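To start, the structure under review is shown below, and the notes come after it.
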Amino acid sequence: MGSIETGDEGLWRQSLLGQGDAFGALYDRHRDRVFRHAYRLCGNHHDGEDIMAAAFLELWRRRKHVRVVEGSILPWLLVTTTNMARNRARAVARYQRLLNSLPRTQEDSDPTADPFRRYQNQLDQDLAQALATLSAEDLHLVSLIVFEEHTIAAAAAVLHLTPAAAKSRMHRARQRLRAALDGKASAQNPPTAPTPVLEGERP
Amino acid sequence: MNQLHVDNVFSDALRAELTARVEKAAPVRARKRTRLWAGTAVVAGIGVLGGVGATAAGLFVTPGSTQVTPLASPVTETHTGTATVQLGPPPEGTTGIEMQLHCLSAGTFSYSRGASNTCDQDDVGTPQDWTGYTIPLTPGEESITITTSPDASWKITAQYVNTKTTEWATNADGDTYGAQNENGSPDMVAVIATNGTRGYVYRTELEDADGTAAMKTFKSPAEALAWQEARLGKDFAIPVYNVTGKTVVGEFVISYSAGNFGVVGEPAPECAGVPPTLGPGEAWPCPGLSPTETGYPAIPVPSN
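First to last, the sequence lines map onto chains A and B. In this text, residue positions in the first sequence follow my numbering: the first is 1101, and each later residue adds one. In this text, residue positions in the second sequence follow my numbering: the first is 2, and each later residue adds one.
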């Protein structure tokens, strides 16, 4: 992944000069990760798309404030996605008309019909709820470090934290998240443990 | 999680919206490069453009064409980052500095008077990495400064030249004829027909075929795009006449294709003589020769 992200700065600079193709390339490059992150936070496919779209629209609208960290705009995008997901109603409102006007493929099947997808949905919802218990800053840290495998230093840079502060916050956030997920696991007894999403926790 | 993908229809529409926003917010110069005319007229018979060399040699002169005479040997230098190229004192009779810039890496390269050119990584090593200008001479100006980011590399070739635009001629019917130049188009525009014959097309017919006439009627970008869309992949032929404007000697074809530029290949000799001077902030990205960039249709300016 590292090598793919080294090119952001050039594309970003060209985007700022008005080259739509460069911005399109950035979109192609980061779309899926931003979408997965948005989905993780809201547990709903449609909302995940809206949040992903809003994050990219914000990337452009707030372009003067974007911080390129370690050659990548992804950390900034992910933080923005997190903010969007936490304040979904308010954040997406700015783009609601545009989002509604964008065409979508009709859903060909009911997601709840497939038992696997039903469990998967439940797991996704559980995780989204557990993540919702974190403070904004902790959620940013977990997103960047656990899910997207950025270094603590990079996460600290984009969040205006010292690396030491980021590290201790991260430790506490992991404990909180584990507690939230364990509580759900025992209460609802899902067929599989929801812990794989925390695999990034391994040292 | 493998069912977890962004809806392609939604994604494509979003992507189009994003790129449109970026282009819309672009600085004027950058926007001009890629505005409405994503696909420009591609002119048949373009390979014959090398014939312009004959003009430079003074053998034939198309009325209204520009004669560029080099007055000093060219200076070629390669730099990385912002640098100034010294040309020495201009010889007698110098009217401008002809420069050609090749991007050796991606970056934005600004010239004097606010003109600039941006190269993508994809442009490097292709004909698209080339930009040509003729800058009118300012007394005391003996150097060219290219401003760019510290890591951007470029190669410049510059020389003092004398440029002179000749007058259009008039035929027996009172129609002016000659090459398009900074004064606009004569009644009959010099072209090379598809059969290689040099001749003239009526400006009115040319403007109907290349969209210049239609462009004036568009009230919105959507209209222009629809017009362009309708012509995509089609050819429009107009008759080429000799100087009398009565005898047909061939035909001139304008074809519309997406994203292509009118002139391809090594552009330097073809571009050398077209616009002799540039106003403040004006760039002339010659390889394009598109209506957007020059205000003229993608028509070569051949010698007689």
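Heads up, the beta-carbon is just placed ideally off N, CA and C, and yes, glycines get one too. What you are looking at is a predicted structure, and each value in this text was computed from that prediction instead of being measured.
| query | Given A:Ala1155, which residues of its chain have a CB within under 6 Å of its CB, disregarding the five upstream and five downstream residues? | reply | Excluding sequence neighbours, A:Ala1155 sits near Val1134, Leu1177, Thr1180, Thr1181 and Met1184.
| task | Could you tell me the distance, in whole angstroms, from the CA atom of B:Ala194 to the CA atom of B:Asp176? | result | Distance between the alpha carbons of B:Ala194 and B:Asp176 is about 20 Å.
| request: Kindly list, in the order they appear in chain A, the residues whose Cβ is closer than 7 Å to that of B:Ser12. | output: Result: Arg1131.
| task | Compare the C-beta of B:Leu88 against all C-beta atoms of chain A and say whether one is closer than 8 Å. | result | No, because no Cβ of chain A sits closer than 8 Å to the Cβ of B:Leu88.
| B:Ser150 (DSSP reduced to helix, strand or coil) | If DSSP states are grouped into helix, strand and coil, B:Ser150 belongs with coil.
| field | For B:Thr167 and B:Asn184, the rounded distance between their alpha carbons | value | About 11 Å.
| said: Can you pull the chain B neighbours of A:Met1184, defined as C-beta to C-beta under 9 Å? | reply: Here the premise fails: no neighbours, minimum Cβ distance about 14 Å.
| task | Can you grab the Cα-Cα spacing for the pair B:Ile136 / B:Trp155, in whole Å? | result | B:Ile136 and B:Trp155 have their alpha carbons spaced roughly 18 Å apart.
| query | Given that A:Pro1203 touches chain B, what residues does it touch there, using C-beta distances under 8 Å? | reply | Val10, Phe11 and Ala14, listed in chain order.
| So A:Ala1189 packs on A:Leu1241, CB below 8 Å; how close in whole Å? | Contact between A:Ala1189 and A:Leu1241 is ruled out by a C-beta separation of about 24 Å, above the 8 Å threshold.
| said: Just to confirm the assignment, what range does the alpha helix (DSSP H) spanning A:Asn1200 have? | reply: DSSP places A:Asn1200 inside the alpha helix (DSSP H), whose first and last residues are Gln1196 to Ser1201.
| message | Using only the alpha-carbon positions, how far apart do B:Ser117 and A:Thr1233 sit? | response | Cα-Cα distance, rounded: 51 Å.
| query | Given that a residue counts as buried once 16 or more other Cβ atoms are within 10 Å of its Cβ, and exposed if not, what is A:Ser1115? | reply | Answer is buried; the Cβ neighbour count reaches 16.
| query | So which of B:Asp209, B:Val76, B:Ala84 and B:Cys120 has the shortest CA-CA distance to B:Glu99? | reply | Comparing Cα positions, the closest option is B:Val76.
| query | Fully enclosed by the segment 204-255 of chain B, which beta strand (DSSP E) runs are 3 residues long or longer? | reply | Runs found: 236-242.
| field | One or two residues paired with A:Met1184 in a DSSP bridge | value | Among the bridge pairs identified by DSSP, A:Met1184 is matched with none.
| said: Output needed for B:Gln87: all residues of its chain with C-beta closer than 6 Å, excluding positions within five of it in sequence on either side, in chain order. | reply: So the qualifying residues of the chain are Ser144.
| request: Please decide whether A:Gly1143 counts as near chain B, where near means a Cβ-Cβ distance under 8 Å. | output: No, no contact with chain B.
| task | Report the neighbours of A:Leu1198 on chain B: residues whose CB is nearer than 8 Å to its CB, in chain order. | result | Within chain B, the residues near A:Leu1198 are Glu18.
| Under 8 Å between C-beta atoms of A:Pro1175 and A:Val1166 | If you check the CB distance, A:Pro1175 and A:Val1166 do not come in under 8 Å.
| query | Which stretch, first to last residue, makes up the alpha helix (DSSP H) that contains A:Gln1114? | reply | Per DSSP, A:Gln1114 belongs to the alpha helix (DSSP H) from Asp1108 to Leu1116.
| query | Where do the N-terminal and C-terminal ends of the beta strand (DSSP E) with B:Ala84 fall, by residue? | reply | Ala84 to Gln87 is the span of the beta strand (DSSP E), which, as asked, contains B:Ala84.
| request: Run through the segment 146-193 of chain B for me and flag every whole beta strand (DSSP E) of 3 or more residues, listed as ranges in chain order. | output: For secondary structure counted as the beta strand (DSSP E) over 3 or more consecutive residues, the segment 146-193 of chain B holds these complete runs in sequence order: 154-166, 177-179 and 189-193.
| task | Establish whether the CB of A:Gly1110 and some CB of chain B are separated by less than 8 Å. | result | Among the residues facing chain B, A:Gly1110 is included, as its CB has a counterpart in that chain under 8 Å away.
| task | Can you grab the Cα-Cα spacing for the pair A:Arg1304 / A:Ala1125, in whole Å? | result | No information on residue 1304 of chain A is available, as it lies outside the stretch 1101 to 1303 that chain A covers here.
| message | Let's test the definition: count the other Cβ atoms within 10 Å of the Cβ of A:His1260 and tell me whether it reaches 16, buried, or not, exposed. | response | A:His1260 comes out exposed.
| Do B:Leu5 and A:Arg1136 have their C-beta atoms closer together than 8 Å? | For B:Leu5 and A:Arg1136, yes; Cβs fall inside 8 Å.
| B:Asn9 classed as buried or exposed, judged by whether at least 16 other C-beta atoms fall within 10 angstroms | The Cβ neighbour count for B:Asn9, taken over all protein chains shown within 10 Å, is under 16; the residue is labelled exposed.
| request: Under 9 Å between beta-carbons, which chain B residues line up against A:Trp1160? List them in chain order, please. | output: Those within 9 Å of A:Trp1160 in chain B are Leu19, Arg22, Val23 and Ala26.
| message | Just to confirm the assignment, what range does the alpha helix (DSSP H) spanning A:Ile1252 have? | response | Per DSSP, A:Ile1252 is one residue of the alpha helix (DSSP H) stretching across Ile1252 to Val1258.
| Mind pulling the chain A residues with CB within less than 7 Å of B:Asp121? | Close to B:Asp121, with beta-carbon spacing below 7 Å, are these residues of chain A in chain order: Gln1114.
| query | Does any residue of chain B bring its CB to less than 8 Å from the CB of A:Ala1153? | reply | A:Ala1153 has a beta carbon lying within less than 8 Å of a beta carbon in chain B.
| message | On the criterion of 16 or more Cβ atoms from any shown chain inside 10 Å, does A:Glu1158 qualify as buried, or is it exposed? | response | So A:Glu1158 counts as buried.
| Can you find a CB in chain A that lies within less than 8 Å of the CB of B:Leu5? | Under the Cβ distance rule, B:Leu5 counts among the residues neighbouring chain A, one pair being separated by less than 8 Å.
| Between the CA atoms of A:Leu1281 and A:Ser1243 - distance to the nearest angstrom | Spanning the two alpha carbons is a distance of roughly 16 Å.
| query | Mind pulling the chain B residues with CB within less than 8 Å of A:Glu1248? | reply | Result: empty, since nearest Cβ-Cβ is about 15 Å, beyond 8 Å.
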